[in-house]
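Working notes, beginning with the structure itself.
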Amino acid sequence: MTNSASQKTFPAESPPPQGKKTPQSGRPGELEKSPQSGRPGKLRNMMGIETSCDETAVGIVDQRGRLLANVVASQSDLHSRFGGVVPEVASRQHLLEIPGVLDRALRQAGLGWNRIDAIAVANGPGLAGALIVGVNVAKGLAAALDVPLIGVNHLAGHVYSAWIDTGSGTAVQDPEIPAPKADGPTRTCLIVSGGHTELILMHPDGRFRMIGQTRDDAAGEAFDKAARVMGMRYPGGPEIQRAAQTGAPSAPLPRAWLRGTDDFSFSGLKTAVIRRARQEGLYPPPGGGPPKDKADALARAFQESVVDVLVNKTVEASERLGSGEIVLAGGVAANSALREALVQASKIPVAVPPPWLCTDNGAMIAMAGLVELNRGARSGWNLDVHPGMRLAS
Ligand code: KG4
Ligand code: ZN
Numbered sequence: 013m014t015n016s017a018s019q020k021t022f023p024a025e026s027p028p029p030q031g032k033k034t035p036q037s038g039r040p041g042e043l044e045k046s047p048q049s050g051r052p053g054k055l056r057n058m059m060g061i062e063t064s065c066d067e068t069a070v071g072i073v074d075q076r077g078r079l080l081a082n083v084v085a086s087q088s089d090l091h092s093r094f095g096g097v098v099p100e101v102a103s104r105q106h107l108l109e110i111p112g113v114l115d116r117a118l119r120q121a122g123l124g125w126n127r128i129d130a131i132a133v134a135n136g137p138g139l140a141g142a143l144i145v146g147v148n149v150a151k152g153l154a155a156a157l158d159v160p161l162i163g164v165n166h167l168a169g170h171v172y173s174a175w176i177d178t179g180s181g182t183a184v185q186d187p188e189i190p191a192p193k194a195d196g197p198t199r200t201c202l203i204v205s206g207g208h209t210e211l212i213l214m215h216p217d218g219r220f221r222m223i224g225q226t227r228d229d230a231a232g233e234a235f236d237k238a239a240r241v242m243g244m245r246y247p248g249g250p251e252i253q254r255a256a257q258t259g260a261p262s263a264p265l266p267r268a269w270l271r272g273t274d275d276f277s278f279s280g281l282k283t284a285v286i287r288r289a290r291q292e293g294l295y296p297p298p299g300g301g302p303p304k305d306k307a308d309a310l311a312r313a314f315q316e317s318v319v320d321v322l323v324n325k326t327v328e329a330s331e332r333l334g335s336g337e338i339v340l341a342g343g344v345a346a347n348s349a350l351r352e353a354l355v356q357a358s359k360i361p362v363a364v365p366p367p368w369l370c371t372d373n374g375a376m377i378a379m380a381g382l383v384e385l386n387r388g389a390r391s392g393w394n395l396d397v398h399p400g401m402r403l404a405s
């Protein structure tokens with residue numbers, strides 16, 4: 013188990029560490045001949061395809077969850093001029109990018125198609141038109157290769173990104189996953205992304221139960237909206253993180269504690285940011301751009317407010333529920349202030365993927381697909397997209 017936030021950053025496309033090629037035997041991942049697959053034998057490598065929002069991504073893990081490839085083509089530059097993701101633009105761009113991304117992933121892993129033994133794809137939640145691209149590509153590949161197809165929940169992918177073995181020694185060491193266990197610790201998972209903010213209890217056997225969620229904006233959405241008010245680019249999270257590092261301390265912004273619940277709310281904070289941005293002459297954006305020192309100070313106050321609430325509520329819930337570990341995942345989990353504050357505040361280990369596996373990627377879908385496949389899950393050719401898919405209820 014990891015008990016510290018890994019700060020290791022290398023680009024999403026950097027080759028995975030060497031010496032990690034798959035031994036061709038052993039569990040987990042034994043793959044019997046499925047009704048849908050004519051290719052018998054053992055699972056060696058799982059490919060994951062992710063197109064739920066504005067990243068076209070393909071990852072490959074071996075049967076032990078070791079990372080072999082992770083290629084992400086981000087569309088953020090394309091959407092940045094609109095201040096957010098334009099669904100139609102995203103779908104078309106996935107269509108254009110996916111062949112090249114598939115190719116690069118295979119080359120990065122040093123594998124041919126004959127070494128891919130199953131295809132996982134995120135089929136929800138996300139943008140319908142964007143998901144359809146990934147799902148149809150996955151169906152075509154699974155049919156052509158005669159291997160199993162596994163539709164996975166994008167949010168499960170975020171959680172299982174903490175299980176990916178990148179060779180840095182920070183992955184969740186849980187050789188029993190996905191074999192069901194009667195005992196073992198529960199995990200409190202905080203998923204914070206552009207579309208979701210959820211506290212989820214993960215049982216030892218891998219089942220998920222919803223504990224709390226945002227009642228309005230997701231944490232990432234709050235970062236993106238606040239950044240726009242401060243005259244920063246989309247996506248706002250990394251911009252705010254950078255600005256906050258040089259921002260001077262200022263009066264705290266409000267925190268919505270929603271005491272007695274495990275829910276979150278960020279809409280009041282957004283309103284407070286807009287109000288202060290107006291007072292400080294940052295918004296509407298003045299000619300010549302907003303004054304940097306004021307924007308930086310506001311970014312710092314905003315980030316402190318979000319981190320304070322996320323950390324305190326997660327630690328409180330994990331203690332009340334008697335969890336043995338906290339898992340932090342999703343795009344906002346890339347935020348260094350959040351990672352550090354949670355590790356510091358928690359008495360139990362905190363598992364958090366390296367920042368480059370927090371934002372959307374294909375490796376996390378491959379990892380979740382591996383877990384699902386080992387549980388016996390297979391999808392049929394009628395696999396559909398579910399834009400509103402939930403991880404747990
Ligand atoms: O998980 P993700 O890549 O996509 C969704 O599933 O939504 O999350 C994207 C979100 C965006 O809102 C982005 O601003 C936020 O994650 N984000 C960050 C950071 N990096 C990305 N938020 C705060 N700090 C960061 N360093
Ligand atoms: Zn995501």
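If you want our numbering, it's the position in the sequence shown, counting the first as 1, plus 12.
All C-beta atoms in this analysis are idealised placements derived from N, C-alpha and C, irrespective of residue type, glycine included.
Asked, Found
"Going by CA-CA distance only, name the one from Val-70, Ala-230, Leu-157 that's closest to Leu-322.", "Ala-230"
"Going straight from the alpha carbon of Ala-268 to that of Asn-324, what length do you get?", "12 Å"
"Under three-state DSSP, which class holds Arg-199?", "strand"
"Leu-114: which of Pro-303, Leu-382, Asn-373 sits nearest, CA to CA?", "Asn-373"
"Within its chain, find whatever has a CB closer than 6 Å to the CB of Phe-235; leave out the 5 residues flanking it on each side and keep chain order.", "Gly-248, Gly-249, Ile-252"
"Take the Cβ of Arg-199 as the centre, count every other Cβ of all protein chains shown within 10 Å, and call the residue buried at 16 or more, exposed below.", "buried"
"Short check: CB of Ile-162 to CB of Ala-117, under 8 Å?", "no"
"So, do the stretch 60–80 and the stretch 96–109 have three or more beta carbon pairs nearer to each other than 8 Å?", "yes"
"Would you mind giving the Cβ-Cβ distance between Cys-370 and Ser-86, rounded to the nearest angstrom? I have them listed as a contact below 8 Å.", "Going by Cβ atoms, the distance from Cys-370 to Ser-86 rounds to 13 Å, so no, they are not a contact pair."
"Where does Met-222 sit, in a helix, a strand or coil, going by DSSP?", "strand"
"Closer than 7 Å to a non-hydrogen atom of the ligand ZN - does that hold for the CB of Gly-343?", "yes"
"Which residue comes first and which comes last in the alpha helix (DSSP H) that contains Met-379?", "374–386"
"Roughly how many angstroms lie between the CA atoms of Ala-313 and Pro-99, to the nearest whole one?", "31 Å"
"Enumerate in chain order the residues of its own chain whose CB-to-CB distance from Ser-391 is below 6 Å, with the five nearest sequence positions on each side excluded.", "Leu-161, Ile-162, Gly-163"
"Assuming Asp-320 is part of the beta strand (DSSP E), what are its boundary residues?", "Counting along the chain, Asp-320 falls outside any beta strand (DSSP E), though it belongs to the alpha helix (DSSP H) covering 304–333."
"Check whether the Cβ atoms of Ile-203 and Gly-342 sit closer than 8 Å, and answer yes or no.", "yes"
"Cα separation between Ala-349 and Ile-128?", "38 Å"
"Which residue's Cα is closest to the Cα of Arg-402: Asp-74, Ile-223, Pro-264?", "Ile-223"
"Could you tell me the alpha carbon to alpha carbon distance between Arg-56 and Leu-80, rounded to whole angstroms?", "11 Å"
"Report the three-state DSSP secondary structure of Ile-477 (helix, strand or coil).", "This structure gives no information on residue 477, because the portion of the chain shown stretches from 13 to 405."
"Skipping 5 residues on each side, what residues in its chain have a beta carbon closer than 6 Å to that of Ala-260?", "Ala-309"
"Is it buried or exposed, Thr-182, if we count other Cβ atoms within 10 angstroms and call 16 or more buried?", "buried"
"Apart from the five residues just before and just after His-91, which ones in its own chain have a Cβ nearer than 8 Å to its Cβ?", "Asp-66, Val-97, Val-98, Val-101, Ala-102, Tyr-246"
"When DSSP labels each residue in this structure, what does Val-83 get in the three-state scheme?", "strand"
"With Ala-234 as the anchor, note down where its alpha helix (DSSP H) starts and where it stops.", "231–241"
"Looking at the strands, I want to know which residues DSSP matches up with Arg-351.", "None; Arg-351 has no bridge partner."
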